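First the structure, in the form of structure tokens, and then the observations on it.
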DNA sequence: AAGAAATGACTGACTAGACAGACAATTAAT
DNA sequence: ATTAATTGTCTGTCTAGTCAGTCATTTCTT
């Protein structure tokens with residue numbers, strides 16, 4: 010390797026993409042992203058073959074970051090409600106701490122540029138959460154519903170809750186708890 | 010008026026836009042929409058000044074249609090749970106009956122081409138639903154949460170439920186009920 | 001150790017294609 | 001006859017991706 014690709018530049022591009030996509034949506038020109046990252050237009054394409062590649066890698070990275078943040082410090086011995094609240098709260102905190110990442114992740118998640126392969130990888134990153142949900146579901150009111158339904162409900166509720174925490178940061182804590190209560194009443 | 014615009018053509022354009030946007034997203038070229046509607050490229054612009062106008066009007070029309078369908082036949086004298094289920098079920102049926110409209114509405118709702126004015130009009134169409142929600146909330150577990158939070162949760166739960174009904178049409182009825190139960194446990 | 005050669009990251013001007021909207025000509029309604 | 005809808009071509013703009021050339025870094029060769 011004559012000159013190694015710099016991790017630094019890759020990160021700069023990812024961060025720029027996060028910011029620009031959060032602000033302008035997926036229509037954001039690669040040129041804008043490159044400029045925002047402080048690299049030449051063409052450089053972006055030495056790090057990511059196509060725009061779709063960039064989008065997919067960004068999605069995976071953000072999703073994984075959220076998942077690992079949410080799971081960090083989880084004690085599997087604690088009772089289920091406590092574990093669930095741990096994951097819930099840490100997810101919310103991640104979103105509050107990085108609203109741009111959250112917005113970008115939102116846009117990316119809806120896009121149909123994201124390949125099934127990427128979605129499946131993202132799903133893997135969420136596997137421990139899914140496992141926890143499985144144990145919660147098993148003897149709650151949704152014990153007869155398919156697992157994926159439960160996960161989807163959890164995700165949409167946490168999505169909605171996060172929106173409100175960001176909209177009213179003053180009541181963030183209150184909304185966080187209220188959202189969790191809704192979730193727990195629904196499946197716990 | 011020398012030659013009146015035909016309601017027919019307007020409808021054709023709207024219907025075509027629904028189909029094309031459902032399939033290709035908002036990136037869909039106006040040319041494709043016009044072709045699909047069986048009119049010339051330029052004609053589209055006599056009915057809608059800009060693409061953004063088309064998008065806004067379509068959003069409003071679909072949202073309104075969904076709302077009126079959901080509310081049709083509602084008896085305000087019935088007990089709250091019954092009324093809620095009426096609205097819930099009719100919403101689900103609308104989505105199941107016109108998956109393309111639903112998909113398009115989804116895409117449009119996320120877009121930032123939709124102006125605040127349009128969103129506010131759409132909100133108005135949903136007013137009776139909001140009123141119903143208000144009465145439900147008033148003495149349920151969410152009585153201390155802001156109204157908009159309750160509505161948002163209702164919308165995201167119905168969104169998620171509809172996804173599952175479409176994904177597994179065989180269990181549509183079961184999912185419809187299960188989704189409503191989640192909702193009712195959450196706020197009712 | 002010196003320096004020549006090879007490698008590949010990096011640049012930004014460039015290309016090819018797509019797209020929204022304009023417009024001149026045509027058609028149809030009053 | 002007049003007015004406005006309708007048509008489809010045309011245009012200016014925008015964008016993903018390319019490419020010829022540059023420059024930093026490593027790897028031979030002597």
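Residue numbers (the working numbering), protein chains in the order written: chain A, 10 to 197; chain G, 10 to 197. Glycine is no exception: its CB is placed at the ideal position from the N, C-alpha and C atoms. Treat the numbers as computed from the prediction; the structure is a model and nothing was measured.
Closer than 9 Å at the beta carbon, the chain A residues around residue i
i             : result
residue 38(G) : Here the premise fails: no neighbours, minimum Cβ distance about 14 Å.
is_contact[residue i, chain A] using C-beta, thresh 9 Å
i              : result
residue 194(G) : yes
residue 187(G) : yes
residue 155(G) : yes
residue 161(G) : yes
8 Å Cβ cut-off: residues of chain G touching residue i
i              : result
residue 165(A) : 165, 166, 168 and 169
Close Cβ partners of residue i (< 8 Å) along its chain, the five nearest in sequence each way excluded
i              : result
residue 114(A) : 68, 71, 72 and 75
residue 41(A)  : 29 and 33
residue 167(A) : 97, 100, 101, 188 and 192
residue 123(A) : 64, 65, 68 and 117
residue 53(G)  : 22, 39, 42, 43, 46 and 63
Contacting residues, own chain, Cβ-Cβ under 7 Å from residue i (five flanking each side not counted)
i              : result
residue 181(A) : 105 and 174
residue 160(A) : 139 and 142
residue 94(G)  : 189
residue 78(A)  : 99 and 103
residue 19(A)  : 56
residue 25(A)  : 42, 45 and 46
residue 23(A)  : 67 and 70
residue 127(G) : 65, 68 and 69
residue 171(A) : 101, 104 and 111
residue 108(A) : 175
Contact with chain G by residue i, beta-carbon distance below 9 Å
i              : result
residue 151(A) : yes
residue 191(A) : yes
residue 177(A) : yes
Contacts that residue i makes with chain A (C-beta to C-beta distance below 8 Å)
i              : result
residue 9(G)   : With chain G represented from 10 up to 197, any question about residue 9(G) goes unanswered, as that position is not in the structure.
residue 172(G) : 161
Cβ neighbours of residue i in the same chain (closer than 6 Å, five flanking residues each side left out)
i              : result
residue 112(A) : 31
residue 37(A)  : 29 and 30
residue 151(A) : 159 and 196
residue 60(A)  : 39
query: Using Cβ-Cβ distances below 7 Å, what residues of the segment 33–61 of chain A are close to chain G?
result: 34
query: Which of the residues in the segment 119–141 of chain G, read from start to end, lie with their CB under 9 Å from any CB of chain A?
result: So the close ones are 119, 120 and 121.
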